[in-house]
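In this note's numbering, the protein residues as written are 32 to 364. All residues carry an ideal CB built from backbone N, CA and C; glycine is no exception.
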């Protein structure tokens with residue numbers, strides 16, 4: 032077990048969010064070692080001082096809020112639903128890039144007169160009773176409907192929500208939507224302006240633990256170092272090419288004249304030693320956005336590049352993670 036189990040990170044215990052979290056952490060160099068799949072505790076070899084536990088997504092937020100867990104990775108939907116009003120939950124990173132969905136209002140397909148929130152409000156006003164809304168997210172849904180002045184009654188629901196209008200115990204639903212296929216299968220339609228809470232996986236922490244425990248604060252810095260460096264790197268590639276030129280400065284100027292091969296802070300250019308002792312060959316190394324690669328290859332060839340090698344990047348570290356600085360500023364409030 033970890034050397035210091037008093038610092039703990041909670042991860043989702045099942046489903047696509049758990050799979051996404053484990054895959055993300057592994058890609059970031061923070062693989063989780065769980066020898067027994069039935070165990071709810073695990074280790075992170077890259078950060079041996081950090082213990083890992085597994086909980087339901089909503090319970091992760093509650094545990095971080097109460098301080099029994101220092102860090103958690105779960106969806107923004109449950110974070111905003113359960114974080115409370117005391118400010119104990121701090122979002123360290125709100126865009127980990129997986130677990131995308133949105134808490135959205137959906138109405139029966141047969142409601143042709145309801146096409147947006149304004150027409151839903153008008154329809155609700157025509158009823159002799161409040162609009163019945165089934166949801167597993169009462170706090171977020173209540174705030175949204177109240178903000179739009181839609182008379183309503185919330186109906187707490189467990190299990191599948193999509194059948195609620197068909198069965199008849201609710202008029203509409205407020206539920207998580209990703210592809211929208213499940214809504215279509217149950218003859219429901221999401222309102223285009225009915226998105227209550229966009230969501231993806233996020234990293235959260237307990238405010239008091241960060242303020243009062245230097246070891247937890249240092250662990251937050253290390254987690255954000257790995258995560259931000261990985262997210263920055265995954266959208267970029269390392270490109271190396273041989274190029275003839277009069278000097279490194281001359282080659283750099285040719286590269287700066289192109290749009291895709293200037294690099295993050297400019298290219299690295301070094302002499303190439305050939306067997307024939309011919310001078311004038313240089314090796315050019317540059318970081319290129321992944322989606323700009325075809326254009327970058329063409330531009331390098333156009334200015335004399337050859338023998339081009341492309342490699343993936345694991346990390347791109349900044350001097351200090353911007354989100355770590357943002358966390359420090361938040362802790363001063």
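Subject >> Presumed contact (8 Å Cβ cut-off) between residue 101 and residue 319, rounded CB distance >> reply: About 38 Å; that fails the 8 Å criterion.
Original post:
residue 193 and residue 214: beta carbons closer than 8 Å?
Top reply: The criterion of a C-beta distance shorter than 8 Å is satisfied by residue 193 and residue 214.
Original post:
Does the beta-carbon of residue 34 have 16 or more other beta-carbons within 10 angstroms, so that it is buried, or is it exposed?
Top reply: Note that residue 34 scores 41 on pLDDT, short of 50, meaning its location in the model is unreliable; the coordinates nonetheless yield the value given after this. Flag for residue 34 reads exposed.
**OP:** Return the residue from the list 284, 217, 166, 202 that minimises the CA-CA distance to residue 151.
**Re:** 202
Original post:
Which one or two residues does DSSP pair with residue 313 in a beta bridge?
Top reply: 274, 302
**OP:** Pull up the CB-CB distance for residue 61 and residue 75, whole angstroms please, since I reckon it's below 8 Å.
**Re:** 6 Å
**OP:** Taking only the alpha-carbon atoms, compute the straight-line gap between residue 164 and residue 179 and give it to the nearest angstrom.
**Re:** 14 Å
Subject >> Length at least 3, wholly inside the stretch 186-214: the beta strand (DSSP E) runs in chain order >> reply: 203-208
Original post:
Could you check where the beta strand (DSSP E) with residue 172 kicks off and where it finishes?
Top reply: Residue 172 -> not in any beta strand (DSSP E); alpha helix (DSSP H) instead, spanning 169-178.
Original post:
Whose C-alpha, out of 69, 51, 85, 68, is nearest the C-alpha of residue 40?
Top reply: 85
**OP:** Provide the residue(s) that pair with residue 120 in DSSP beta bridges, ordered along the chain.
**Re:** 237
**OP:** Could you tell me if residue 243 is buried or exposed, where buried requires 16 or more neighbouring beta carbons within 10 angstroms of its beta carbon?
**Re:** exposed
Subject >> First through last residue of the alpha helix (DSSP H) which encompasses residue 330 >> reply: 324-333
Subject >> Reference residue 66; option with closest CA among 55, 128, 83 >> reply: Residue 66 has its Cα closest to that of 83, out of 55, 128, 83.
Original post:
Quick one: what does DSSP say residue 164 is sitting in, helix, strand or coil?
Top reply: strand
**OP:** Drop a sphere of 10 angstroms on the beta-carbon of residue 304, count the other beta-carbons inside from all chains shown, and report buried for 16 or more, exposed for fewer.
**Re:** exposed
Original post:
Starting from residue 140 and walking both ways along the beta strand (DSSP E), at which residues does that stretch end?
Top reply: Residue 140 -> no beta strand (DSSP E), and no H or E assigned at all.
Original post:
To the nearest whole angstrom, what separates the beta carbons of residue 105 and residue 169, a pair I think is in contact under 8 Å?
Top reply: About 18 Å; that fails the 8 Å criterion.
Original post:
With burial defined as no fewer than 16 other Cβ atoms inside 10 Å of the residue's Cβ, what is the status of residue 183: buried or exposed?
Top reply: buried
Original post:
Do residue 330 and residue 271 have their CB atoms nearer than 8 Å?
Top reply: In this structure, residue 271 does not lie closer than 8 Å to residue 330 by Cβ.
Subject >> For residue 20, the first and last residue of its enclosing alpha helix (DSSP H) >> reply: Since the first residue of the chain shown is 32 and the last is 364, residue 20 is not available in this structure.
**OP:** Could you have a look at residue 51 and say whether DSSP puts it in helix, strand or coil?
**Re:** helix
Subject >> N- and C-terminal bounds of the beta strand (DSSP E) containing residue 342 >> reply: 337-343
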